[in-house]
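Number of protein chains: 2
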Amino acid sequence: MGRDGTERGGTERGGTERGGTERGGLPGASRREGLPDTQQGMRRRNLSRVMHAVAANGPLSRAAVAARIGLTRAAVSTLVDELIRAGLVEELGPERPCRVGRPGSALAVSAQGPAGIGAEVGVDHLAACVVDLRGAVRARATRRVDNRGRAPGPVVTDLMSLIRQVSAGAEQEGLRPAGLAIAVPGLVARDSHTVVRAPNLDWHDTDVGALLPAELPLVVDNEANFGALAELWLGAAPPADFLHVSAEVGIGAALVVEGRLLRGARGFAGELGHVPVWPDGPKCPCGGRGCLEQYAGEEAVLRAAGLAPGADRVELLATCAAAGDENVRGALREAGAALGIALTGAVNLLDPRAVVLGGALSRLAPWLLPSLRDELGRRIAGPGCAVAVSRLGPDGPLLGAAHAVVRSVLDDPVGVA
Amino acid sequence: MGRDGTERGGTERGGTERGGTERGGLPGASRREGLPDTQQGMRRRNLSRVMHAVAANGPLSRAAVAARIGLTRAAVSTLVDELIRAGLVEELGPERPCRVGRPGSALAVSAQGPAGIGAEVGVDHLAACVVDLRGAVRARATRRVDNRGRAPGPVVTDLMSLIRQVSAGAEQEGLRPAGLAIAVPGLVARDSHTVVRAPNLDWHDTDVGALLPAELPLVVDNEANFGALAELWLGAAPPADFLHVSAEVGIGAALVVEGRLLRGARGFAGELGHVPVWPDGPKCPCGGRGCLEQYAGEEAVLRAAGLAPGADRVELLATCAAAGDENVRGALREAGAALGIALTGAVNLLDPRAVVLGGALSRLAPWLLPSLRDELGRRIAGPGCAVAVSRLGPDGPLLGAAHAVVRSVLDDPVGVA
DNA sequence: ACTAATTTGTCAATCGCCATGACGAAATAG
DNA sequence: CTATTTCGTCATGGCGATTGACAAATTAGT
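Those protein sequence lines, which keep their order, are chains F and P.
Per the numbering used here, residue -10 is the first one in the first sequence, and the count goes up by one each step.
Per the numbering used here, residue -10 is the first one in the second sequence, and the count goes up by one each step.
Shown next, in the form of structure tokens:
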């Protein structure tokens, strides 16, 4: 995939580099006070605005872009020229004249330019996909593997072969991989490629970046985070402030505030699974008692339902519940109630505009929602908070990862001219 | 005819008006996709950077400012000239030469320029103060009044007389009030001056702005929010990510993320007092059961301690506990444990770098902390989270309000002509 | 004491980027 | 066929930061 790899190798893109200035108490420590504002920065931001406008609002003429982002037509012309020369935007030809006046020439983000590669390490599958700048999935591959307790090396090797497969297919279509984002079911240290712990994989302090060939800019993050970003970018009517709850084996949450992900000081935010629900409840491996996972975690629900852990546990639960199994329905009802109690705390604390259930929860939503909404509605004063179910379901994290790369290109189109 | 109307009617684009219409920014300028990036904006941001650098890091020479913010000395020179002409920065004279080379001339933010007025409506007091650009409190006035159940009109009238008193004093010293910020013990709707509800004052949907002469730019916000900002700006070794917990009558929290306050979609974030601790506990006026306030709220603690509500309840608790009253100590121990459980959820969810106890909690911290830390430490896996006590104590909200005005001047120095 | 070295603040010249206003081009309306 | 409207581009200008040079003020070295 290294056709133009050198071109992008130099610059660090994708926002991870920013911020985080150590606010050490010492006066001499904080050297830089934010980055200086120079004309190049202005240019970059305006290029980004053009990209976002064109990417988000279909084909657009230069004049329409200018009106939308508040610059003059002349300025937009030069910006668009630069983007076309960089292969990020292409001219589709004259617009259909529907109003009086000369028709503009339609612009769209390139379908041949850079593309984002998303990958996912699940507990029992691996997946990879390629998404182009327009947001279309151009290639995709999945493989069922039980990764429980498997060493990181072989897992990443397998994943890499999937990645090579999809990116080879994409390159044949003229796409150029611009970055790789990997979703993992575990905690990832902030601004790093290190999986601090992934209980279901039994990984600890694993530097995923060190296991991969350093061909592309890499991002590694929690699957719940990528799932939330997918909901933000691809969801039906996305509010910019919501709490995304997902469950694979553990229960994770991701909070989106003003269109940005809240990661926490160390990157560990979103551990909804270990919020205390019944403080004197059963012991939890985390050290606490009565954590949400003891009531709504996969294992707890299976046990309460009287089912043995099988191959596809979530599907098993769903089919049993759909068939009317009262044990299963009761277990899901209880899980929903526990979720509702934990979410009450979260909603009181964060005032999101909505709570979105993703991942396995979206599959089980029909049986979780009544008791969840009941607890939430009873306990929360005031206007309350909408509870919605994600359309994306289990695809969220993978799509979110690929789109994260695409967004990083939109955010800074001119990595290197 | 319709220059805008035709544009809208003709096209068939699926009007995806982005949700973020109500961006909190001061100037209207709500263009379609964020505001355009023009040279004036660059100038404004760089003026702001100079102001922040000079304000934060003591007297500084132009060269030092340039090195710190990454601009050239020449550019900083013109920026500083403009700030001096505007009366926001003043030249203190030649620096003491400690290194080789020509000594610079020290710059500091003006002590005679604009100043921020902070005011506070407490349940049993009113206060106002004036803070200059250097952060010094230049005037201050407090008055003990029992505001419980008093109508907003008279309360605001009394507060206004305090405000006039301090601002008259400040004007005699050459200060010019640049804005007014009022801290109230209740929920304030986002980007408004309306107190949606303040249970202890018995205010509902009260537009404080309408009760005040519109002399100055006004900000109204929750006292917990201002307290957290005070901690951020004035605290000992302030991390940029922390959870500030304060209690006056209710229990409020404010979350600071990357140096910014998280307000929530409606501005109601931080309702820690109504996080469920024991889901089947006693009923709470909010509608829930077993909310934190039922265990750690002022009333609950007084009841558990066997004390009658008196004049200064917090002080009463503190003196009894200090005297060794076992009933009081036990009540505070229980309250601390409940706080610890609620904070476990919050910390798991948000991963702050620290939890800071402010307001009345800082006074009672010696008796709350042991059980609080115990619960938190037992339940939270991983690196845990520091628990600190605010130095500011009850002064936090008032100082935070005044400083909020000062910060707004630093953030946009030329806006205040 | 005198010179060399270093740092500061400022000035003139230049470059980058966007705004302005005018123009030809391409469509519709009458 | 002409008037009107809108689009894209060009030349010009303004604004803001950079570059490079210089005088001023201080320390270091002999």
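Don't be surprised by glycine CBs; every beta carbon is placed ideally from N, CA and C.
Everything numeric in this text was worked out from a predicted model, so none of it was measured.
- Per DSSP, reduced to three states, the secondary structure at F/Ile369 is coil, with no helix or strand assignment.
- About 13 Å separates the Cβ atoms of P/Pro174 and P/Glu260, ruling out a contact at the 8 Å cut-off.
- Non-local C-beta neighbours of P/Met40 in its own chain, meaning closer than 6 Å and more than five positions away in sequence, comprise Leu399 and Pro402, ordered along the chain.
- For the 8 Å CB-CB criterion, F/Ala159 and F/Arg127 form a contact.
- Taking C-beta atoms under 8 Å as the contact rule, F/Leu81 and F/Ala100 fail to qualify, at a distance of about 10 Å.
- Beta-bridge partners of F/Glu79 (DSSP): F/Ala97.
- At a cut-off of 8 Å between beta carbons, F/His193 makes no contact with chain P.
- Collapsing the DSSP output to three states places P/Asn211 in a strand.
- Straight-line measurement puts the Cα of P/Ala254 at about 9 Å from the Cα of F/Ala343.
- Within the model, the alpha-carbon separation for P/Arg62 versus F/Pro25 is close to 13 Å.
- In the DSSP annotation of this structure, the continuous segment of the alpha helix (DSSP H) that includes F/Arg57 starts and ends at Arg51 to Ile58.
- In this structure, the straight-line span from the alpha carbon of P/Gln29 to that of F/Met31 is close to 11 Å.
- Residues of the stretch 247 to 267 of chain F whose Cβ lies closer than 9 Å to any Cβ of chain P, in chain order: Glu247, Gly248, Leu251, Arg252, Gly253, Ala254, Arg255, Gly256, Phe257, Ala258, Gly259, Glu260, Leu261, Gly262, His263, Val264, Pro265, Val266 and Trp267.
- Look at P/Met31: its C-beta is under 8 Å from a C-beta on chain F.
- Beyond the five residues adjoining it in sequence on each side, P/Leu350 comes within less than 7 Å, by CB distance, of Val234, Ser235, Ala236 and Leu357 in the same chain, given in chain order.
- Pairwise C-beta distances place the stretch 128 to 145 of chain P out of contact with the stretch 65 to 73 of chain P, as fewer than three of them are shorter than 8 Å.
- DSSP places F/Trp192 in the strand class (E or B) of the three-state scheme.
- The C-alpha of F/Val317 is placed about 29 Å away from the C-alpha of F/Asp191.
- Under the Cβ criterion of 8 Å, F/Thr67 is not counted among the residues facing chain P.
- The criterion of a C-beta distance shorter than 8 Å is satisfied by P/Ala219 and P/Leu381.
- Measuring C-alpha to C-alpha distances from P/Leu332 to each of F/Pro141, F/His263 and F/Leu60 identifies F/His263 as the nearest.
- When C-alpha distances from F/Asn136 are compared across F/Asp121, F/Leu151 and F/His114, the shortest belongs to F/His114.
- The bridge partners DSSP lists for P/Pro355 come to none.
- Runs of the alpha helix (DSSP H) lying entirely within the stretch 141 to 195 of chain F and spanning at least 4 residues, in chain order: 141 to 161.
- Residues of chain P with a Cβ closer than 8 Å to the Cβ of F/Gly277 are, in chain order, Thr333, Arg367, Arg368, Ile369 and Ala370.
- At a cut-off of 8 Å between beta-carbon atoms, P/Ala293 makes no contact with chain F.
- Taking C-beta atoms as the reference points, F/Asp210 and F/Ala172 count as a pair closer than 8 Å.
- Within the DSSP bridge table, the entry for P/His233 names P/Ala243 and P/Val345 as partners.
- For P/Glu247, the CB contacts under 7 Å within the same chain, skipping 5 residues up- and downstream, are Ala229 and Asp230 in chain order.
- Secondary structure at F/Pro402: coil, using DSSP grouped into helix, strand and coil.
- For P/Thr131, the uninterrupted beta strand (DSSP E) run begins and ends at Val126 to Arg132, by DSSP.
- Using a Cβ-Cβ cut-off of 8 Å, P/Asn35 counts as an interface residue toward chain F, since at least one Cβ of chain F sits closer than that to its own.
- At least 8 Å separates the beta-carbon of P/Gly198 from that of P/Ala393.
- Within the stretch 320 to 350 of chain F, those residues whose Cβ lies closer than 8 Å to any Cβ of chain P are, in chain order, Ile330, Ala331, Thr333, Gly334, Ala335, Asn337, Leu338, Leu339, Asp340, Pro341 and Arg342.
- Its Cα nearest to that of P/Gly270, the residue P/Ala289 stands out among P/Ala258, P/Gly256, P/Phe257 and P/Ala289.
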